[in-house]
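J.: Residue numbers (the working numbering), protein chains in the order written: chain R, 1 to 360; chain P, 1 to 360; chain C, 1 to 360; chain X, 1 to 360. Heads up, the beta-carbon is just placed ideally off N, CA and C, and yes, glycines get one too. As the structure is a prediction and not an experimental result, all values here were calculated from the model. Take a look at this one; I'll ask things after.
Number of protein chains: 4
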Amino acid sequence: MFVVMARTATEAEILGVKSHILAEGMTPYDHVGADRIVIAVVGEVGPRRQELMSRLAGLPGVETITPISRPFKLTSREFHTEDTIVRVLDAVIGDGGLTVMAGPCSVESRDQLLETAAFVKGHGATVLRGGAFKPRTSPYSFQGLGVEALRHLAEASQLTGLPTITEVMEPNQVDIVAEYTDILQIGARNMQNYSLLNAAGRVARPVMLKRGFGATIEELLMAAEYIVAAGNPNVILCERGIRTFETYTRNTLDLAAVPLLHHLTHLPVVVDPSHATGKRWLVKPLAIGGAAVGADGIMVEVHPRPDEALSDAEQQLDHAQFADLMTALLPVHEHVRSLHGDPLVTGPALGIGAGALSKH
Amino acid sequence: MFVVMARTATEAEILGVKSHILAEGMTPYDHVGADRIVIAVVGEVGPRRQELMSRLAGLPGVETITPISRPFKLTSREFHTEDTIVRVLDAVIGDGGLTVMAGPCSVESRDQLLETAAFVKGHGATVLRGGAFKPRTSPYSFQGLGVEALRHLAEASQLTGLPTITEVMEPNQVDIVAEYTDILQIGARNMQNYSLLNAAGRVARPVMLKRGFGATIEELLMAAEYIVAAGNPNVILCERGIRTFETYTRNTLDLAAVPLLHHLTHLPVVVDPSHATGKRWLVKPLAIGGAAVGADGIMVEVHPRPDEALSDAEQQLDHAQFADLMTALLPVHEHVRSLHGDPLVTGPALGIGAGALSKH
Amino acid sequence: MFVVMARTATEAEILGVKSHILAEGMTPYDHVGADRIVIAVVGEVGPRRQELMSRLAGLPGVETITPISRPFKLTSREFHTEDTIVRVLDAVIGDGGLTVMAGPCSVESRDQLLETAAFVKGHGATVLRGGAFKPRTSPYSFQGLGVEALRHLAEASQLTGLPTITEVMEPNQVDIVAEYTDILQIGARNMQNYSLLNAAGRVARPVMLKRGFGATIEELLMAAEYIVAAGNPNVILCERGIRTFETYTRNTLDLAAVPLLHHLTHLPVVVDPSHATGKRWLVKPLAIGGAAVGADGIMVEVHPRPDEALSDAEQQLDHAQFADLMTALLPVHEHVRSLHGDPLVTGPALGIGAGALSKH
Amino acid sequence: MFVVMARTATEAEILGVKSHILAEGMTPYDHVGADRIVIAVVGEVGPRRQELMSRLAGLPGVETITPISRPFKLTSREFHTEDTIVRVLDAVIGDGGLTVMAGPCSVESRDQLLETAAFVKGHGATVLRGGAFKPRTSPYSFQGLGVEALRHLAEASQLTGLPTITEVMEPNQVDIVAEYTDILQIGARNMQNYSLLNAAGRVARPVMLKRGFGATIEELLMAAEYIVAAGNPNVILCERGIRTFETYTRNTLDLAAVPLLHHLTHLPVVVDPSHATGKRWLVKPLAIGGAAVGADGIMVEVHPRPDEALSDAEQQLDHAQFADLMTALLPVHEHVRSLHGDPLVTGPALGIGAGALSKH
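Next comes the structure, spelled out in structure tokens:
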């Protein structure tokens, strides 16, 4: 449930509500909205829900209590109606602009990374991607350069000014990845690696969480909930295709997830057409499709010479293809950005206020 | 295999090749391209393939023989490199423009249909849709008005000038549906109803074939192959979502299918966001997404008062929503239409000429 | 809803209830159970449900009215608690024994069919299968011998005494297939071909309905409901695998469907491991698995020389493999048949009587 | 590729081959089979494959070199033709018997665990399961008792003599879990958590690896390959259902995976019907089905009072239901165990020797 505080609530009243919630064995999370404070009450409340609601409604400074039936709380639009905007160096994600995260699948060498970093920066990318620790299906495949790659990423960032994003695969890597790079990525295979989610929730870096290829939209939000509940509000979601019976593409990109997520959550949504399709020549049309359905960003793999790549050779764009993509992509985003309505009004009514228990 | 005739081939040489193919127990289909004739040889050739290729290569007027490994032949880009353009009344589908097929899920009454027909015509729809025979999951649900609905569709067409499309559910209905309406639709559940495909292949009306929700892209093309092989080249394909584990949306719209199909086949591709999502408020963003990935058309369900609809109440747009959609949709199409490259050059090389057996 | 008549209800009272139902625009279906009659009321009742229930409860001879929330009515266990037993020639399907339907994928010649028919009969098969009209993905593949195959099936039946089953692909074929063979099969691709379901509902032959590879269990039951509602109570269900992302097997055999269906419906359930796996060597373990979870029958493809088969060469057993399978299969069935509890008591409580509106 | 050593090969020759492999930058793994040694050569060999094969074939003591196209090597039947048998305390897994792993979803208290441990031991269970660290979809759900639960498991093992299995969720937990329990479980959500797989590969405890609900059989084997390649040969595989469009059951149990895995790999295979179906009343028929298709073991959740369980209340058996299951299960296993052929001969020919490069 959410406790909506009155506009006139004092600091002391807010503290009083939070203490009461803690005393009940639940955890309070507050969100300072544009004009008032909302406090989410999370934990297993069980049968005393009705009683607790009544008790909280009676506290000074409380305006209404809103029950919430969805399993995700802190990541829900009901809790936090305005969009979350993630700022990192000069990049702003979720403010209505289109973030472009580009770079090689794997960092293979300093030269390869710097060459591509300079190129994508020059063509409008706003975040540099590059894998250091690679989750590979086979134990015998190239597993990434590890810390050496992190150093190259840090250098590339210094040279280009671009913030960097790289995947982190286990709790123990979180600190070092956070030391060298700007955004932590949790990959599709680790979307429900709860130890990793908790660790990522305790670091002062934004986290991009990729949807598992076998995961529903609700499970993606529950995974994000772990990170936010552990203390990190700067979560970016990424749709990268789900597993279906279709075999022409590696996965099936679920573009309906973009407007759905914008309705259900305040977190920004990025689309990754490279991993979704597994085919270089499908990246451009689906990147355009992603921008057209309202994505906050696009992530694409770019390599100076894709045919020599140590991983994902089939799906990385070469430099010329990336330049061609960017020529098309940004104008499409400009064109459609005003077309999508406010997610608060386009979808079915959110639960805000519905069934709310007014104080008086 | 395909027999590519020389530019200088005479009528008699072409006939000679076709007779030879028939004599071998195979069936020849010719396609008169921009500058030459290609003859597809279909049937189960078995082990004598190599010998047959050599023999055909030796006939007068033959330039090359191209083997084709894909199971779809007449619907493939290799056979027919230029786009198929379907013309029906004033509508042109597949010429680079955006066809908008709109109208109610079911024709429920003359008034309802005429009201919506006039409205969608006024807001830019180019084809009128409306169900007469309805495939319903339950035998106890409304099954459509049948022939009475066909008569209303014919009247609506006369009044608005719009060509009409309606679903046909069995071979016996093909003639009457063809008598009253302009485009026959074969629904997702009947995509592999081969008797119906054959019947639709023998009628002088374009056919829109919807992808089954459990069907691969290759199976969609094989189903289209039935219609074309039976004699009807005017087939329109429709992506309407596939079945996955995700439950927020009714199905998962596979927008990658659009550029894939444009690469694999010469047939036009329409996207149906209404059935794919099952949610009215997702129709607009996914219609825009469909146009953005290069679809030749969009099909949407529109009802004057969706809440009173006898079928698909959840997903039909009302008139105002349709008007709002059209304001957004056509400019997006205009904007992106030049962005997608020629499907003959964007994807991997087609088999044309690859492994061809030259005559000389 | 179901109207449960009192044990003492007279013929006239029963007629009275049925007339009343018809007068309300609904359709009554009665089931004469072991000790009383239940009348299902089907049709779109809309908001007057409560009123209609009250009115029916007040009629003479009525004991209780049971609402039913499931969309399938006549096929539900609630309507018809005892198992449906299908009898055809000497075969009995659904009585606790194990029916074995065996024979070639396609009837390819009189000799081939008679050879296999005699063999499978000699090794315990109780029904002879063989395709006459073949639904093939490609229009250029062997489409079956048609009526000629039907004649061979009739002859094989006369010689062996086995009843025959063959697929029917369109409403127009129903009569001729019913003339020559004993059980009509509706294939997976036609599971939601409603015209065909209706036609099969009007013929005096049992129908085996295969689950579509993209269909849920509920949709399978709704498709069966079409046949039963059209007048044919002798429906056999068949689980033959659903489409998933796994590619080692052609489809994924859903053996949980067997106990689930036994709980939800009174219709017998057959398992087809040949089509599910697409691999000959997996037929035996999965046939055993099917028998072990309680299937009423197993359908397997058997060919004298599978490598020469005109269809499904990969999955047909040869004669020796069939003999080996039968040696294993029947004892497993004998062994497990007493292990599975009464479906009326094993699963969650059925809706029978739940929420029932008692008359007095 | 595999290097098959001659029966007469000396220790020195074996060492010579291994040194050569290491000098080439590849890694040798040897398997001492019944009558000879096979050395697997793993790593990215690239274009010098043919040359390397020739060179190895020329070394003293080498009989043949077998190329292997499958991506899994050490887990393949080709490398290790006899079954892997895992022994832990008195339990033997993979020797043809049926292992039954039973116990509560979560260890909730000492009493609850000891009560169930004694009961399942008394009714034939051979391994005690119980969750200590629980991977929960929601961060607000019960997360397990952690180390306290491990202590209860150790005590229960001492009292009953049963070896214990519990899930480990991150590399840091591997040591402590290995200290208190006998078999480490890696859950479906962590199947591709490569850091965890590597950590589990370095511990002296058997590991049961559950198939991810979005993972193919090949990916399951690749994940097992990580553990084996890291040094731990005692891996048990577990089929627990995959995600499909069917919603009656939580997942779709893929029983074809059992004979398939027995053909592809030497590792034992356990079936978990509790998680697959999510419904208590379906556990028995599918446990029987699992035994019938040849599983080496069954894992079931058992709780003294399932309705009070803190997790998975819907699917845990109560004690009486477990006793009933065991009465049925073991005789079925006894009955079918001789029916399934040798996996070396039932499926298609393995690659052993196929394309082998003989030395002479």
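Can you have a look at D175 of chain R and say buried or exposed, based on whether 16 or more other CB atoms are within 10 angstroms of its CB?
T.: Exposed, by the Cβ-count rule.
J.: Give the residues from the stretch 233-248 of chain C that approach chain R closer than 8 Å (Cβ to any Cβ), ordered along the chain.
T.: R243, T244, F245, T247
J.: Please state whether DSSP places F2 of chain R in a helix, a strand or coil.
T.: strand
J.: In this structure, how does DSSP classify L30 of chain R when only helix, strand and coil are distinguished?
T.: Per the sequence shown, residue 30 of chain R should be read as Asp rather than Leu. D30 of chain R: strand per DSSP, three-state reduction.
J.: Would you mind sorting V32 of chain C into buried or exposed? The rule is 16 or more other CB atoms within 10 Å of its CB.
T.: By the neighbour-count rule (16 or more Cβ atoms within 10 Å), V32 of chain C is not buried but exposed.
J.: Give the residues of chain C in contact with I217 of chain X, contact being defined as C-beta atoms less than 7 Å apart.
T.: E246, Y248
J.: Which residue from P:G144, P:D95, P:F2, P:I165 puts its Cα closest to that of V42 of chain P?
T.: Closest by C-alpha distance to V42 of chain P, out of P:G144, P:D95, P:F2, P:I165, is P:F2.
J.: Would you list the residues sitting across from I186 of chain P in a DSSP beta bridge?
T.: P:L209, per the DSSP bridge assignment.
J.: Which residues mark the beginning and the end of the beta strand (DSSP E) in which L89 of chain P is found?
T.: No beta strand (DSSP E) holds L89 of chain P; DSSP gives it neither H nor E.
J.: Would you say L317 of chain P and V332 of chain P are within 8 Å of each other, going by their C-beta atoms?
T.: no
J.: Between K134 of chain C and S311 of chain C, is the Cβ-Cβ spacing less than 8 Å?
T.: yes
J.: Would you please verify whether the beta carbon of G351 of chain C is less than 8 Å from any beta carbon of chain X?
T.: Bear in mind that the predicted position of G351 of chain C carries a pLDDT of just 49, short of 50, making it unreliable; the figure below should be weighed with that in mind. Chain X, which has no Cβ nearer than 8 Å to the Cβ of G351 of chain C, makes this no.
J.: Exposed or buried, which one is E11 of chain X when buried takes at least 16 other CB atoms within 10 Å?
T.: exposed
J.: Restricting to Cα atoms, I'd like to know which of C:L113, C:I37, C:D254 is closest to N251 of chain X.
T.: C:D254
J.: Could you tell me whether the Cβ atoms of G122 of chain P and L330 of chain P are closer together than 8 Å?
T.: no
J.: Going along chain P, which residues have a C-beta under 7 Å from F213 of chain C?
T.: G214
J.: Taking 8 Å as the threshold (C-beta atoms), are V293 of chain C and P259 of chain C in contact?
T.: yes
J.: Can you pull the chain P residues whose beta carbon is under 7 Å from the beta carbon of V363 of chain R, in chain order?
T.: The structure shown does not extend to residue 363 of chain R, since chain R spans only 1 to 360, so no value can be given for it.
J.: Using a Cβ cut-off of 8 Å (strictly closer), state whether G278 of chain P contacts chain R.
T.: no
J.: Beta carbon of P171 of chain X, beta carbon of S195 of chain X: below 8 Å?
T.: yes
J.: If you follow the beta strand (DSSP E) that M299 of chain C is part of, which residue opens it and which one closes it?
T.: 297-301
J.: In angstroms, rounded to a whole number, what distance separates the CA positions of G214 of chain R and L159 of chain X?
T.: If you draw a straight line from the Cα of G214 of chain R to the Cα of L159 of chain X, it is about 40 Å long.
J.: Just to confirm my understanding: we take V4 of chain C, look at its own chain, exclude 5 residues before and 5 after, and list those with CB closer than 6 Å. What are they?
T.: V38, E63, T64
J.: Measure the alpha-carbon distance for I236 of chain P versus T99 of chain P and round it to whole angstroms.
T.: Distance between the alpha carbons of I236 of chain P and T99 of chain P is about 11 Å.
J.: Return the chain-ordered list of same chain residues with a C-beta closer than 6 Å to the C-beta of H303 of chain P, the five sequence neighbours on each side being excluded.
T.: Its chain contains P104, A309, Q316 as the residues whose beta carbon lies nearer than 6 Å to that of H303 of chain P, once the 5 sequence neighbours on both sides are disregarded; these appear in chain order.
J.: On the DSSP bridge list, what partners appear for V174 of chain X?
T.: Answer is none; V174 of chain X lacks a bridge partner.
J.: From L74 of chain P to P28 of chain P, what does the alpha carbon distance come to, in whole angstroms?
T.: 10 Å
J.: Since L220 of chain P and T181 of chain P are thought to touch, with beta carbons under 8 Å apart, how far apart are those beta carbons, to the nearest angstrom?
T.: L220 of chain P to T181 of chain P, Cβ: 23 Å. No contact.
J.: What are the start and end residues of the beta strand (DSSP E) that includes G103 of chain P?
T.: 99-103
J.: Counting pairs of beta carbons, one from the stretch 193-207 of chain X and one from the stretch 222-237 of chain P, are three or more of them closer than 8 Å?
T.: Contact fails between the stretch 193-207 of chain X and the stretch 222-237 of chain P, because fewer than three Cβ pairs, one in each stretch, are under 8 Å apart.
J.: Nearest chain X C-beta to Q192 of chain R closer than 8 Å, yes or no?
T.: yes
J.: Thinking C-beta only, is L145 of chain X closer than 8 Å to P168 of chain X?
T.: Per the sequence shown, residue 168 of chain X should be read as Val rather than Pro. Result no, Cβ atoms of V168 of chain X and L145 of chain X do not sit closer than 8 Å.
J.: Kindly say whether T75 of chain P, judged by its beta-carbon, lies nearer than 8 Å to any beta-carbon of chain C.
T.: no
J.: Looking at I186 of chain R: is its Cβ nearer than 8 Å to the Cβ of L150 of chain R?
T.: No; because the gap between Cβ atoms is not below 8 Å, this pair is not in contact.
J.: By the DSSP assignment, the alpha helix (DSSP H) with L329 of chain C in it spans what residues?
T.: 319-336
J.: What does D254 of chain R reach in chain P if we use C-beta pairs closer than 7 Å?
T.: E246, T252
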